[in-house]
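Student:
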Amino acid sequence: VRPASPPAGTPLELGKGPAPASPPPAATGPLITGSGVAMLDAPREQFNTALQAFQSGEYQQAEDGFKAFMSANTGHRLTPDAIFYIGETYFQRSRPREAAEQYLKVTTDYSKSTRAPESMVRLGQTLAALGNAEQACATFTEFGKRYPAATASVKRLAEREMAKDHC
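Position one of the sequence shown corresponds to residue 199 (my numbering), numbered consecutively onward.
Here is the structure:
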């Protein structure tokens, strides 16, 4: 004989009540973890991993990470930043021609991005490093026209470079 169920509204005594009819429902949706932290923005995490490699001086690893980020996240809002940092990895490894290509890509394909003004100054720097002082000066002059609202630090960098290159 089965014991009677308690009347409705009576607290159930644990271990004495009827067994649940079915197991509790499973959590919905996948939980992705990385470093023990739930990732709410996997593309941002991927970008940050590449950025950390760059900041640690691991330029090849950073380049590979930024390229993988762009491949996996076509059109992401951080794409201009990833292109810029790919240029920076080349610049740090004394590969000004490849760096210039990346900076040019940012200034042409993403000219309205927040990374474009700095990319244009870096383009001028790489042109100077390649021995193209005239093109470098023209780039710095264009920077001033195209980005009058650039940050003070980027403007100072452009001014220093113009003085260094005798523009």
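For every residue, glycine included, the Cβ atom is placed at its ideal position computed from N, Cα and C.
Determine the DSSP secondary structure at Thr339, reduced to helix, strand or coil.
Tutor: On the sequence shown, residue 339 is found 141 positions in, with the first residue counted as 1. Helix at Thr339.
Student: Does the stretch 315-327 come close enough to the stretch 279-299 to have 3 or more Cβ pairs within less than 8 Å?
Tutor: Contact holds: three or more Cβ-Cβ distances are below 8 Å.
Student: Considering only residues of the stretch 256-308, which uninterrupted alpha helix (DSSP H) runs meet the minimum length of 4 residues and lie entirely inside it, listed in chain order?
Tutor: Qualifying alpha helix (DSSP H) stretches, in chain order: 257-270, 277-290, 294-307.
Student: Tell me whether Arg354 is buried or exposed, calling it buried when 16 or more other Cβ atoms sit within 10 Å of its Cβ.
Tutor: Taking the sequence shown and counting its residues from 1, one reaches residue 354 at position 156. With fewer than 16 Cβ atoms within 10 Å of its Cβ, Arg354 is classed as exposed.
Student: Over the uninterrupted alpha helix (DSSP H) stretch that includes Thr349, give me the two end residues.
Tutor: Stepping through the sequence shown from its first residue, residue 349 is reached at position 151. Counting along the chain, Thr349 falls outside any alpha helix (DSSP H), and DSSP gives it neither H nor E.
Student: Taking the C-alpha atoms as reference points, what is the distance between Gly255 and Arg242?
Tutor: As a position in the sequence shown, residue 255 is number 57, starting the count at 1. As a position in the sequence shown, residue 242 is number 44, starting the count at 1. Roughly 20 Å between the two C-alpha positions.
Student: Excluding five sequence neighbours on each side, which residues of the same chain lie with their C-beta closer than 7 Å to the C-beta of Met268?
Tutor: Position 70 of the sequence shown holds residue 268. Hits under 7 Å: Thr277, Ala280.
Student: Expressed to the nearest angstrom, what Euclidean distance is found between the alpha-carbon atoms of Arg291 and Thr349?
Tutor: As a first step, residue 291 is located in the sequence shown; it is residue number 93 there, counting from the start. As a first step, residue 349 is located in the sequence shown; it is residue number 151 there, counting from the start. Going from the Cα of Arg291 to the Cα of Thr349 covers about 26 Å.
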